[in-house]
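**Student:**
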């Protein structure tokens, strides 16, 4: 039995000897099957192993009977018999073990660095692989971080793990938006928000609000999209994360509602913030935790003006960012800008049907990257708008190409998931 106790408590025989006052030779004999017969040694063993007094019939020094002996006698502990207070001091070993248990960790700093790089790697590869292929990798990462969180770490490493968990849940939420899984996206974002709140991570909380706004936008809840965007902006109106919230969240949703003044104010505020901060160049990855680059801000401003029917403004913004878009690795950005321009060309006073259909066919021929909800939706909107010219050959070619593209395995799945009664 003593051997089992040592194994369960991860104690060496020397540790037990120091704790109980018994010699190692006496302990070896006990483990070999010999019994203790001397009552003082029995008490020393039980007390040294801190056996709860209620489990034994002997009055240990920690038991009420030992501190307050019953009338008519009873056991007097060695400490009390010596005339000292009836208190059993901890041994240095006990203190050392408690300190080790308190400061021990199942996560070293190097592991945290590796996990941070794993998050960066998911962001970097996301647009090339898409949500259907990257979700499982992000889920595995989230599961491993959760496994670590269920262990013990010092405060600094625990905060880092909370940050990683919030980021990974946020990434999964964004992927779910792109995959048309609105309810799942909301669940992931709610989880990410709670984790970020626990560590007071304002930057990440604003990013999560932007993703929740995006989810509401693509499900047609434009008022809710504005609410989520405003919730993020109100945390820190001058923060660089507010640029995304203003132009991707507030401006685009207000454009859909037809609030021209609100849309223009949101875009102007985003552009003013852009001049005040040092921001990334080019076209930043859509899923990046970094603030919006100026080019991505203009691309979103173009989409907002498209909803208002401002054809010329859409074309001007598209022209300003054309070089950035064409040089970017982002197939999604190219596809979305081309689809916006094509839609604007059909909405103009003199519709350019042939040019618009050429842009639409370019998107479908290159695939626009792995299928995501926004590309599928805007391609469908372009087709619906072009139906006025359905007798023209280029419109018929686009319609046939769109039908073939939507029949692809991943695109078909996305169309089915998003087909909830709202226009794609």
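Numbering (my numbering), first residue to last: 2 to 425. Think of the CB as a built atom: it goes at the ideal place given N, C-alpha and C, for glycine as much as any other residue. Treat the numbers as computed from the prediction; the structure is a model and nothing was measured.
(1) Taking the beta carbon of residue 279 as the centre, do at least 16 other beta carbons fall within 10 Å, making it buried, or is it exposed?
(2) What are the complete alpha helix (DSSP H) segments, minimum 4 residues, inside the segment 321-371?
(3) So what does DSSP say about residue 309, is it helix, strand or coil?
(4) Anyone know if the C-beta pair for residue 125 and residue 286 falls short of 9 Å?
(5) Secondary structure at residue 314, three-state DSSP: helix, strand or coil?
(6) Please report the distance separating the alpha-carbon of residue 426 from that of residue 194.
(7) Look up residue 154 in the DSSP assignment and say whether it is helix, strand or coil.
(8) Under the three-state reduction of DSSP, which class applies to residue 92: helix, strand or coil?
(9) Applying the criterion that 16 or more other CB atoms from any shown protein chain within 10 Å of the CB defines a buried residue, is residue 384 buried or exposed?
(10) So the candidates are 417, 416, 411; which of them puts its Cα closest to the Cα of residue 133?
(11) What distance in whole Å lies between the Cβ atoms of residue 108 and residue 139, which are believed to be in contact at a cut-off of 8 Å?
(12) Verify whether the separation of the beta carbon atoms of residue 23 and residue 46 is less than 9 Å.
(13) Along the chain, where does the alpha helix (DSSP H) that runs through residue 199 open and close?
(14) With a 10 Å radius around its C-beta and 16 neighbouring C-beta atoms as the bar for buried, classify residue 1 as buried or exposed.
(15) Do residue 333 and residue 373 have their beta-carbon atoms positioned less than 9 Å apart in this structure?
(16) Considering only C-alpha positions, which residue in the set 259, 212, 269, 349 is nearest to residue 186?
(17) State the DSSP-derived secondary structure class of residue 163, mapped to helix, strand or coil.
(18) Less than 9 Å between the beta carbons of residue 298 and residue 346, yes or no?
(19) Give the secondary structure of residue 83 by DSSP, where H, G and I count as helix, E and B as strand, and everything else as coil.
(20) What span of residues does the alpha helix (DSSP H) with residue 426 cover, start to end?
(21) Go through its chain and collect everything with a Cβ distance to residue 302's Cβ below 6 Å, but skip five positions before and after it.
(22) Beta-carbon separation of residue 153 and residue 106 under 9 Å?
(23) CB residue 251 to CB residue 230, shorter than 9 Å?
(24) Where does residue 145 fall in DSSP's three states?
(25) Kindly list the residues whose CB is nearer than 8 Å to the CB of residue 330, restricted to its own chain and excluding five residues on each side of it in sequence; keep chain order.
(26) Locate the alpha helix (DSSP H) running through residue 110, then write down its first and last residues.
(27) Is DSSP giving residue 175 helix, strand or coil here?
(28) Just curious, the alpha helix (DSSP H) that residue 406 is in, first and last residue?
(29) If I follow the unbroken alpha helix (DSSP H) through residue 376, where does it start and stop?
(30) Need the endpoints of the alpha helix (DSSP H) that residue 28 sits in, please.
(31) Taking only three categories from DSSP, how would you classify residue 44?
(32) Please name the residue in 35, 343, 310 whose C-alpha comes closest to that of residue 361.
(33) CA-CA distance, residue 111 and residue 163?
(34) Going straight from the alpha carbon of residue 245 to that of residue 236, what length do you get?
(35) Going by C-alpha to C-alpha distance, which of 295, 379, 260, 161 sits closest to residue 272?
(36) Please state whether DSSP places residue 410 in a helix, a strand or coil.
**Tutor:** So, from the listed chains and residues:
(1) exposed
(2) 323-328, 332-348, 354-367
(3) helix
(4) yes
(5) helix
(6) The question about residue 426 has no answer, for the chain in this structure spans 2 to 425.
(7) coil
(8) coil
(9) buried
(10) 411
(11) Contact doesn't hold; Cβ gap of about 19 Å is too wide.
(12) yes
(13) 183-199
(14) A question about residue 1 goes unanswered here, because the residues of the chain that appear run from 2 up to 425.
(15) yes
(16) 212
(17) helix
(18) no
(19) Reliability fails at residue 83, whose pLDDT of 46 lies under 50, so the model's placement of it is uncertain and the value that follows must be treated cautiously. Residue 83 falls in the coil class under three-state DSSP.
(20) Outside the displayed range of the chain (2 to 425) lies residue 426, so it cannot be described from this structure.
(21) 248, 268, 318
(22) yes
(23) yes
(24) helix
(25) 128, 129
(26) 110-130
(27) helix
(28) 394-407
(29) 374-387
(30) 25-32
(31) helix
(32) 343
(33) 16 Å
(34) 14 Å
(35) 295
(36) helix
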